[in-house]
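The sequence shown maps to residues 0 to 308 in numbering that gives the first Met the number 0.
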Amino acid sequence: MQVMFERARDALAFLEHQRLEPTVPHYGLALIHVTGGNAALSREIAGLIGDGFRLTATDAARMIARYVPLPVPTGIADHAERLGSLADEARAVTRTAGANVGELVREAQGALPSGDETVQRLAAAENELAMLRRQFETLKKAMVADVRRAIDPEHDPLTSALKPAFAGHVLDQIDKHDRRHVIVMLSIDGLVEINREFGTSVGDNVLNGFAAKIQKQFPEQEVIRWAGNEFIVVVPDRTITAVRSQAEDVLSLLESRKFKLAETGEWIGTVTASGAVVMDQGDDFPAMLGRARETLAGAVAAGGNRVAV
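Below, the structure is given as structure tokens:
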């Protein structure tokens with residue numbers, strides 16, 4: 000997390016030095032440049048600011064169009080429109096429930112013969128409101144993801160984990176060999192089956208929750224989503240035993256989490272994960288990554304829900 004703030008400060012400092020307004024597009028451009036996310040962009044900037052020159056707003060706009068294609072905000076607008084529809088539905092259900100309560104009151108006063116049907120309608124209204132609340136939450140998450148995608152090119156909008164293309168400043172620490180490092184690799188057991196049985200929206204919810212558990216246990220490090228179901232954390236100056244304990248805590252937190260279907264609230268069953276922890280042996284990152292994958296495959300083959308070293 001600290002690295003994230005440092006990169007953000009570097010990007011803002013770049014904009015200040017270039018005397019560019021800190022707008023969202025300018026910030027996205029600066030962030031890609033200072034993190035080395037696009038070599039062609041950095042080369043073009045270097046050519047423009049040589050000999051003491053600064054970027055102009057026109058230069059920035061041209062490079063933003065070329066290198067920082069922000070998503071069109073139609074998705075956010077669509078979500079907002081759907082939220083408005085849900086709000087209308089919720090108001091209609093509430094009005095109906097209010098009318099049903101009035102009927103119950105009149106029934107209690109002898110004005111109506113029976114309140115059984117009204118009670119059933121109230122129960123149905125309660126279920127509808129619960130379903131609407133879940134739909135609100137789903138849409139809210141989708142809107143947050145759209146906003147993140149627009150303003151933060153470094154991080155995966157689903158999980159908030161760092162994208163591999165922007166992980167250079169983390170991985171460079173390994174190649175310098177000036178500090179001992181441990182790599183943690185974690186993945187969800189049976190994610191393909193979860194997606195197949197319940198749908199990718201449920202699988203995405205599981206991935207998001209899993210990434211949050213990893214970040215909670217490793218608050219000082221950047222969590223990197225290296226592949227779809229493959230997260231890594233680079234931990235310096237810690238023993239492999241201590242890091243393994245942290246990784247096991249991640250698995251315990253995930254196993255205790257009850258993921259439910261948004262439409263019905265039904266529990267999908269216990270979700271587990273597996274992990275691997277490897278210590279650097281003077282090798283580079285690709286070699287460490289290969290050892291971590293082999294170790295993780297062994298944990299999965301042994302039944303999963305465990306951390307192997």
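For every residue, glycine included, the Cβ atom is placed at its ideal position computed from N, Cα and C.
DSSP state of residue 307, grouped into three classes?
Sequence index remark: in the sequence shown, residue 307 carries index 308 (1-based). Strand.
Determine the direct distance from the alpha carbon of residue 284 to that of residue 234, and round the result to whole angstroms.
Position 235 of the sequence shown holds residue 234. Position 285 of the sequence shown holds residue 284. Looking at the two C-alpha atoms, the distance is approximately 13 Å.
Contact check, residue 273 vs residue 243, beta carbons under 8 Å:
Here residue 273 corresponds to residue number 274 of the sequence shown, with the count starting at 1. Here residue 243 corresponds to residue number 244 of the sequence shown, with the count starting at 1. Against a cut-off of 8 Å, the Cβ pair of residue 243 and residue 273 comes out as no contact.
Can you tell me whether residue 158 is buried or exposed? The criterion is at least 16 other CB atoms within 10 Å of its CB, across all chains shown.
Along the sequence shown, one-based indexing puts residue 158 at 159. Under this definition residue 158 is a buried residue.
Expressed to the nearest angstrom, what Euclidean distance is found between the alpha-carbon atoms of residue 288 and residue 180?
The count along the sequence shown starts at 1 and reaches residue 288 at position 289. The count along the sequence shown starts at 1 and reaches residue 180 at position 181. Distance between the alpha carbons of residue 288 and residue 180 is about 12 Å.
Give a yes or no on whether the C-beta atoms belonging to residue 269 and residue 254 are separated by under 8 Å.
Numbered from its first residue, the sequence shown carries residue 269 at position 270. Numbered from its first residue, the sequence shown carries residue 254 at position 255. Their beta carbons are under 8 Å apart, which means residue 269 touches residue 254 by this criterion.
Alpha-carbon to alpha-carbon, residue 165 and residue 193:
As a working note, residue 193 is residue 194 in the sequence shown. As a working note, residue 165 is residue 166 in the sequence shown. Distance between the alpha carbons of residue 193 and residue 165: 29 Å.
Going by C-alpha to C-alpha distance, which of 185, 15 and 67 sits closest to residue 294?
In the sequence shown, the residue the question calls residue 294 occupies position 295. Closest option to residue 294, Cα to Cα, is 185.
CB of residue 222 within 8 Å of CB of residue 170, strictly:
By one-based count along the sequence shown, residue 222 stands at place 223. By one-based count along the sequence shown, residue 170 stands at place 171. No. Outside cutoff.
Give a yes or no on whether the C-beta atoms belonging to residue 21 and residue 28 are separated by under 8 Å.
Walking along the sequence shown from the start, residue 21 turns up at place 22. Walking along the sequence shown from the start, residue 28 turns up at place 29. Not closer than 8 Å, so no.
Member of 217, 241 and 240 whose CA lies at the smallest distance from the CA of residue 231:
Residue numbering aside, residue 231 sits at position 232 when the sequence shown is read from its first letter. Out of 217, 241 and 240, 217 has the C-alpha closest to the C-alpha of residue 231.
Taking Cβ to Cβ, would you say residue 30 is nearer than 8 Å to residue 59?
Walking along the sequence shown from the start, residue 30 turns up at place 31. Walking along the sequence shown from the start, residue 59 turns up at place 60. The answer is no: Cβ separation not under 8 Å.
Segment limits, beta strand (DSSP E) that includes residue 274:
The sequence position of residue 274 within the sequence shown is 275, counting from 1. That run of the beta strand (DSSP E) goes 272 to 278.
Given this structure, state the Cα-to-Cα distance separating residue 247 from residue 281, to the nearest angstrom.
If you number the sequence shown from 1, residue 247 lands on position 248. If you number the sequence shown from 1, residue 281 lands on position 282. If you take the alpha carbons of residue 247 and residue 281, they lie about 25 Å apart.
Straight-line Cα distance separating residue 188 from residue 178
The residue given as residue 178 occupies position 179 in the sequence shown. The residue given as residue 188 occupies position 189 in the sequence shown. Rounded to the nearest angstrom, the two C-alpha atoms are 32 Å apart.
Are the beta-carbon atoms of residue 163 and residue 36 separated by less than 8 Å?
Counting from 1 along the sequence shown, the entry for residue 163 is found at position 164. Counting from 1 along the sequence shown, the entry for residue 36 is found at position 37. Contact: no.
Through-space distance from residue 44 to residue 56, alpha-carbon basis
For the purposes of this step, residue 56 is taken as residue 57 along the sequence shown, with counting starting at 1. For the purposes of this step, residue 44 is taken as residue 45 along the sequence shown, with counting starting at 1. Whole-angstrom Cα-Cα distance: 13 Å.
Below 8 Å on the Cβ atoms is my guess for residue 26 versus residue 14; work out the distance and round it to an integer in Å.
The residue labelled residue 26 in the question sits at position 27 within the sequence shown. The residue labelled residue 14 in the question sits at position 15 within the sequence shown. With a Cβ gap of about 7 Å, residue 26 and residue 14 count as contacting.
From residue 47 to residue 61, what does the alpha carbon distance come to, in whole angstroms?
Here residue 47 corresponds to residue number 48 of the sequence shown, with the count starting at 1. Here residue 61 corresponds to residue number 62 of the sequence shown, with the count starting at 1. Rounded to whole angstroms, residue 47 to residue 61 spans 12 Å at the Cα level.
CB of residue 258 within 8 Å of CB of residue 198, strictly:
Taking the first residue of the sequence shown as position 1, residue 258 is located at position 259. Taking the first residue of the sequence shown as position 1, residue 198 is located at position 199. In this structure, residue 198 does not lie closer than 8 Å to residue 258 by Cβ.
DSSP three-state assignment for residue 288, whether helix, strand or coil:
To locate residue 288, count along the sequence shown from 1; it is residue 289. Here residue 288 sits in helix by DSSP.
Rounding to the nearest angstrom, what Cα-Cα distance links residue 297 and residue 6 in this structure?
Translated into the one-based positions of the sequence shown, residue 297 becomes position 298. Translated into the one-based positions of the sequence shown, residue 6 becomes position 7. Distance between the alpha carbons of residue 297 and residue 6 is about 36 Å.
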